[in-house]
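Notes to accompany the following structure.
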Amino acid sequence: MSVTDDKPAIKRPSGFWSYANPVKFLGFSERILPALWVLSAACLALGLVWGFFFTPDDFRQGSTVKIIYLHVPSALMAINAWFMMLVASLIWIVRRHHVSALAARAAAPVGVVMTLIALVTGAIWGQPMWGTWWAWDPRLTSFLILFLFYLGYIALWEAIEDPDTAADLTAVLCLVGTVFAVLSRYAVNFWNQGLHQGASLSLDKEENVADVFYFPLLVCIAGFVLLFFALVLYRTGTEIRLRRTRALLARQGRQ
Amino acid sequence: MPDLGKYADAVLSAYGASLVLLALLVLLTLRRGRRARAALEAVESREKKDG
Amino acid sequence: MTLVIRDLCVARGGLPVLMGLNFQVAPGRALVLRGPNGSGKTTLLRTLAGLQPPLSGEIGGAEDRIAYAAHSDGLKAMLSVAENLRFWASVFGQRDIGPALRSYALEDLHDRLAGTLSAGQKRRLGLARMLVTARPVWVLDEPTVSLDADAVLLFARAVRTHLEAGGSAIIATHIDLGLEAEVLDVTPFRATAETRAGASDEAFL
Amino acid sequence: MTLVIRDLCVARGGLPVLMGLNFQVAPGRALVLRGPNGSGKTTLLRTLAGLQPPLSGEIGGAEDRIAYAAHSDGLKAMLSVAENLRFWASVFGQRDIGPALRSYALEDLHDRLAGTLSAGQKRRLGLARMLVTARPVWVLDEPTVSLDADAVLLFARAVRTHLEAGGSAIIATHIDLGLEAEVLDVTPFRATAETRAGASDEAFL
Amino acid sequence: MTALLYRDLMLALRAGGGFGLGLAFFLIVTVLVPFGVGPQSELLARIAPGILWLGALLACLLSLDRLLALDWEDGTLDLLATSPLPLEAALSIKALAHWITTGLPLVVAAPLFGVLLNLPGPGYLWLVVSLALGTPALSVIGTFGAALTVGIKRGGLLMSLLVLPLYVPTLIFGAEVARRGAAGLETTTPLLMLAGITAGVIAVMPFASAAALRINLR
Amino acid sequence: MTALLYRDLMLALRAGGGFGLGLAFFLIVTVLVPFGVGPQSELLARIAPGILWLGALLACLLSLDRLLALDWEDGTLDLLATSPLPLEAALSIKALAHWITTGLPLVVAAPLFGVLLNLPGPGYLWLVVSLALGTPALSVIGTFGAALTVGIKRGGLLMSLLVLPLYVPTLIFGAEVARRGAAGLETTTPLLMLAGITAGVIAVMPFASAAALRINLR
Ligand code: HEM
Ligand SMILES: Nc1ncnc2c1ncn2[C@@H]1O[C@H](COP(=O)(O)OP(=O)(O)OP(=O)(O)O)[C@@H](O)[C@H]1O
Ligand SMILES: Nc1ncnc2c1ncn2[C@@H]1O[C@H](COP(=O)(O)OP(=O)(O)OP(=O)(O)O)[C@@H](O)[C@H]1O
Ligand SMILES: [Mg+2]
Ligand SMILES: [Mg+2]
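Residue numbers (our numbering), protein chains in the order written: chain A, 11 to 265; chain B, 2 to 52; chain C, 10 to 214; chain D, 10 to 214; chain E, 23 to 240; chain F, 23 to 240.
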């Protein structure tokens, strides 16, 4: 991408914040993306193959335990994607770096797909384990609500014509939404006691899954994290290019 | 192929659905990216031509 | 207090449209903005009114002193002429709507629902609103649209009275209002494609 | 085919506003309607366009021959300039929008969403719509609102071309368009309080 | 004709409305029901067919006010009424566009939402069939309601009030089909009635809508 | 301030909207539910508190889009933003007006509708209490949604999508109070939570709404 960079530069920040400049960001992501793609594919393949082919069945759950390699990483990423959007929104509100707003926009669809995967694998898992596809368990319910927040966030981005207005409004929505998502989590907990297991990745030994399952799971989680970053970086680049196209067209129209 | 026992359906469909979703996400991302690149190049070349 | 605009640059749709604006409007003076369609008059007026932030530059003496009238009049179709005016009067802390009704010859329409007015009558009501704001700086965007010749005279008289009372006015218009006012043609200030002024799209150009 | 208006009486809000109108508009001719605000021009034009029934009297030669442009332009903010025009063209069974774009200098704005146009640019697009209707009688309600001087010239030229091609036009306006056209002032035809012409409120008077 | 259909679909796609949103609303209603009535799955299974039909109906209803009101406000309806297109045809097409953007996605997605409410096994097929047969009637009746209230500023709520009673027969037979289907009972009679209502409504309603609209434009 | 409140109430009374309609919609939803789920009275009694809360919520939601959109279209919001009234105050007042025209009538009328759905005896009091405590939160949250979507032409459906998930905590606790009340159980905890949510939301939300509106007016 050729950007007219020879113009008298307005103050350009250096250090970490310099990557908030779209050009610099694109250069950076262009360099790092191939490695990310390869790494994430490798981790995913390794983790999933390991988990699927080379782990034993659980004595209670049978072979369904293999679903954990998809379910848990996607559930983790679904939450963390929202968290990343929250941070990016805050950066946009405070420092007004466009890349940050666009990164939030780029992350949302990835987050939805992660949420969907968690929901779908959970539902499929629920059928043999609890005898039902869906139960109004707090964990599942709050995931469904998270899904709705993602949908609303994306719909708001799509609906607003002016990109900066859209960035501002979605950022406000993200902040308010986070508060309400947390509130909903507690409300849902109060409303119904659940079937779902507790956090077994936590360090307290009692509940922890056996090591045979644990290591491939870690590899899968790493794969999902890397994939997430690859996708978000790539998509942010796409958003930047779209925005630049728009800006150029607008400028040409003005003449 | 490991023996999945009576839960083969569940496990396979979970893997299938997830992988399809992931693949869709990646493909759509790449397609959108390529289109954006092409559109930008078209506009930029017009920009150069016009001065 | 004089309204002082220094080095102002305004943007719309992410691109600068006008830049390098410098002018002053002293009490008792009116400024008429001219410029072809799409040159950025509306954008400038909205910035002055504080509805959008300027890209750069300064606007002095505008704080809480501006009454703004846009292309649309903010009238409620289901309220009567008097009710509409009275509402705006009390928002701006005023009470008496009589003078406003009189200067735009609206007394006869006093009880008519605003929705049943003709285009020009609506506009007259919208302009009468300025008189109940008690604010010194009027910012008017094409105020005489749809007005007939008599109503334009009424408008000119209202502006003149306002100026005599020490107010000032900035008016964007395409037609001649018959006011003795300075004229500012915005055409020379139009931003060119090369302008870099910190507009939001600029990071991408 | 000449548009013939005989003894027309039009009403709004349940009361007659204009009555005893008699006029003709032959192909190649334009008629400019004048009259103070609220005199009933819009009401008359809407009646001619067939949007409301006349109280009494006859309108001859209007059936399916009229293209109407009102105060608002019927533009979709989320469609581009070209898409808006193309839609109206195909509603009226036309295809080519090129000439319409060209006569109102809209080529550059071709791909812009209509919602992002300035007031005058929107109006130009609204007027360009008349050119894709291929209808012989234009009925225009204050067409030059918000237009700058250049655009008014574009409009006058478009009307002249239309007239030369055998079309006709009826235009309500408060300003001078620079067209050689007959002028009809509607003031003498205003209905008085005593008028009884079959309006819906009359049964109660 | 196709130009109008194309434009309406285009606008639905672009204007932050259209396709996804009716669906999203449907989803949200189905999600909120358990919060309201409690999470017991056998209870949910019992009310599932009815709630799903109600949700679909409300989703239709909510998107009705963009059917004509937007075109009214910006003057498009005035211009359409003076165009060569007969108003009846224009309104039928608008109803069709509404169905494509709202009803059709609902039909397709309903089974998924059935899962959320523990809809019993045989219910899925009948739910889809009844929705596919019934939603076109909802769109056409809704167009009539929109035409009646188009002159009234933000008549959304008033329109709901007028339209909902008109929806009652469709809802009764539609939900009956879904409910009987879910319970494994015979569904022929209500299904026939539903089909009859839809056919009748499609044939006759556009004339009523056009008449109402003409009066409103006057 | 009072001028704005007075004007909004006046408009609600006059403009074919306001008072009656939210109520009417509520009525119709409660009436349609038995058509959807079938007429068995014990089933209806079980779901009554939840359905009534849901109906109230939807009635609120449906009237939200007239909260700001009308003022936006005719330019009133631009003018209000340049007036001496702080936008936060203006929005709080608008929320209050919305509650008076929508929430309050619902609170008053809810017991009547409870009869239609065979609500058990002790439920009435708790239904009214929970609605009285909860509906203000619905109005305030709704104002935020309206401020977010005001720039979008006919954003009604989008607004529902944004607002409904925000309604979840209020709905859960509100319906829980009503449900426990109807079953004769302890209601203190959910009641306190509900009150807490309402208080918090009233204190904080107007700032978020004003911020969103300012962005939209830009
Ligand atoms: C649609 C249904 C489901 C959803 C949305 C869902 C969601 C989640 C979430 C959010 C986590 C949290 C990950 C973490 O915090 O560490 C999780 C973990 C887990 N889920 Fe599910 N779940 C669903 C169904 C199921 C079912 C049916 C089972 C099996 C019976 C299951 C078993 C697990 C296990 C074993 C974990 C790992 C425990 C942990 O690390 O927290 N889930 N699930
Ligand atoms: N979202 C947008 N994207 C790109 N350009 C825009 C956008 N919105 C407005 N513009 C352009 O900004 C310019 C300034 O518009 P503005 O409304 O200020 O003009 P104006 O001087 O008031 O014109 P008029 O006399 O027609 O009212 C116009 O050229 C308009 O097309
Ligand atoms: N519902 C109504 N009830 C009573 N009078 C009405 C109603 N609607 C309109 N009128 C009146 O009818 C008259 C004719 O209005 P019309 O819009 O035709 O005027 P016009 O000549 O177009 O004026 P303008 O030049 O201001 O556009 C006006 O005096 C108007 O106030
Ligand atoms: Mg302008
Ligand atoms: Mg008029």
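Where is the CB? At the ideal position from N, CA and C, for every residue including glycine.
Assigned exposure category for residue i - 16 Cβ within 10 Å defines buried
| i | result |
| --- | --- |
| lysine 7 of chain B | exposed |
| isoleucine 77 of chain A | buried |
| histidine 119 of chain C | exposed |
| serine 212 of chain A | For serine 212 of chain A, the predicted structure reports a pLDDT of 44, less than 50, and the residue's modelled location is therefore unreliable. A value from the coordinates is still provided. Exposed is the call here. |
| lysine 215 of chain A | For lysine 215 of chain A, the predicted model reports a pLDDT of 42, less than 50, meaning its position is unreliable and no value from the coordinates is stated. |
| valine 55 of chain E | buried |
| aspartate 15 of chain A | Unreliable positioning characterises aspartate 15 of chain A in this predicted model, as indicated by a pLDDT of 40, which lies under 50. A coordinate reading is not provided. |
| glutamate 67 of chain D | exposed |
| arginine 29 of chain E | buried |
| phenylalanine 164 of chain D | buried |
| alanine 200 of chain C | buried |
Of the residues the options, the one placed nearest residue i, counting alpha carbons only
| i | options | result |
| --- | --- | --- |
| threonine 24 of chain E | E/Leu149, E/Leu213, E/Lys116 | E/Lys116 |
| alanine 76 of chain C | C/Val148, C/Asp210, C/Val192 | C/Val148 |
| leucine 110 of chain D | D/Leu94, D/Val100, D/Ser99 | D/Leu94 |
| methionine 94 of chain A | A/Ala232, A/Tyr79, A/Phe239, A/Leu252 | A/Phe239 |
| alanine 55 of chain A | A/Thr255, A/Leu237, A/Leu36 | A/Leu237 |
| threonine 165 of chain F | F/Ser231, F/Ala225, F/Trp94, F/Ala132 | F/Ser231 |
| valine 85 of chain C | C/Leu122, C/Val100, C/Gly37, C/Val141 | With the sequence shown as reference, residue 85 of chain C is identified as lysine, and valine is not the correct amino acid for it. Minimum Cα distance to lysine 85 of chain C is reached at C/Leu122. |
| alanine 119 of chain E | E/Phe229, E/Gly218, E/Leu31, E/Thr209 | E/Leu31 |
| arginine 15 of chain C | C/Leu53, C/Ala39, C/Ser48 | C/Leu53 |
| leucine 128 of chain F | F/Pro61, F/Gly143, F/Ser85, F/Leu102 | F/Ser85 |
| arginine 240 of chain F | F/Glu64, F/Gly173, F/Ala221, F/Leu207 | F/Gly173 |
| leucine 42 of chain C | C/Thr170, C/Glu72, C/Asp194 | C/Asp194 |
| valine 7 of chain E | A/Val242, A/Leu112, A/Ala145, A/Arg251 | Only positions 23 to 240 of chain E appear in the structure, and residue 7 of chain E is not among them; the question remains open. |
| arginine 166 of chain D | D/Ile184, D/Pro145, D/Ser112 | D/Ser112 |
Strand pairing of residue i, partner residues [DSSP]
| i | result |
| --- | --- |
| alanine 20 of chain C | C/Pro25 |
| aspartate 194 of chain D | D/Arg43 |
| isoleucine 179 of chain D | D/Leu40, D/Val148 |
| alanine 76 of chain D | D/Trp147 |
| isoleucine 6 of chain D | In the structure displayed, chain D extends from 10 to 214; residue 6 of chain D sits before or after that span and is not available. |
| serine 89 of chain D | D/Leu122 |
| arginine 199 of chain C | C/Leu27 |
Endpoints, the alpha helix (DSSP H) within which residue i is located
| i | result |
| --- | --- |
| tyrosine 196 of chain A | 173-201 |
| alanine 232 of chain F | 210-239 |
| lysine 34 of chain A | 32-64 |
| lysine 50 of chain D | 50-57 |
| alanine 95 of chain E | The residue you asked about is not alanine; residue 95 of chain E is glutamate in the sequence shown. 63-95 is the extent of the alpha helix (DSSP H) around glutamate 95 of chain E. |
| phenylalanine 93 of chain A | 78-105 |
| isoleucine 163 of chain F | 145-171 |
| tyrosine 28 of chain F | 24-36 |
| tryptophan 143 of chain A | Unbroken run through tryptophan 143 of chain A: none, as it is neither H nor E. |
| aspartate 105 of chain C | Note, aspartate 105 of chain C: premise wrong, no alpha helix (DSSP H); not H, not E. |
Endpoints, beta strand (DSSP E) assigned at residue i
| i | result |
| --- | --- |
| tyrosine 189 of chain F | Looking at the DSSP string, tyrosine 189 of chain F is not in any beta strand (DSSP E); the run it does join, the alpha helix (DSSP H), is 178-205. |
| glutamate 67 of chain C | 65-69 |
Within chain G, the residues that residue i reaches when beta carbons sit closer than 7 Å
| i | result |
| --- | --- |
| threonine 201 of chain C | The structure shown contains no chain G; its protein chains are A, B, C, D, E and F. |
- request: For the region 88-95 of chain F and the region 157-177 of chain F, state whether three or more C-beta atom pairs, one from each stretch, are separated by less than 8 Å.
  value: yes
query: Is the region 16-34 of chain C touching the region 98-113 of chain D in the sense that three or more CB pairs, one from each, lie closer than 8 Å?
result: no
task: For the region 184-200 of chain A and the region 179-193 of chain F, state whether three or more C-beta atom pairs, one from each stretch, are separated by less than 8 Å.
output: yes
Given 8 Å, three or more beta-carbon pairs between the region 30-50 of chain B and the region 144-159 of chain A: no
query: Taking contact to mean at least 3 C-beta pairs separated by less than 8 Å, is the region 196-215 of chain E in contact with the region 136-152 of chain E?
result: yes
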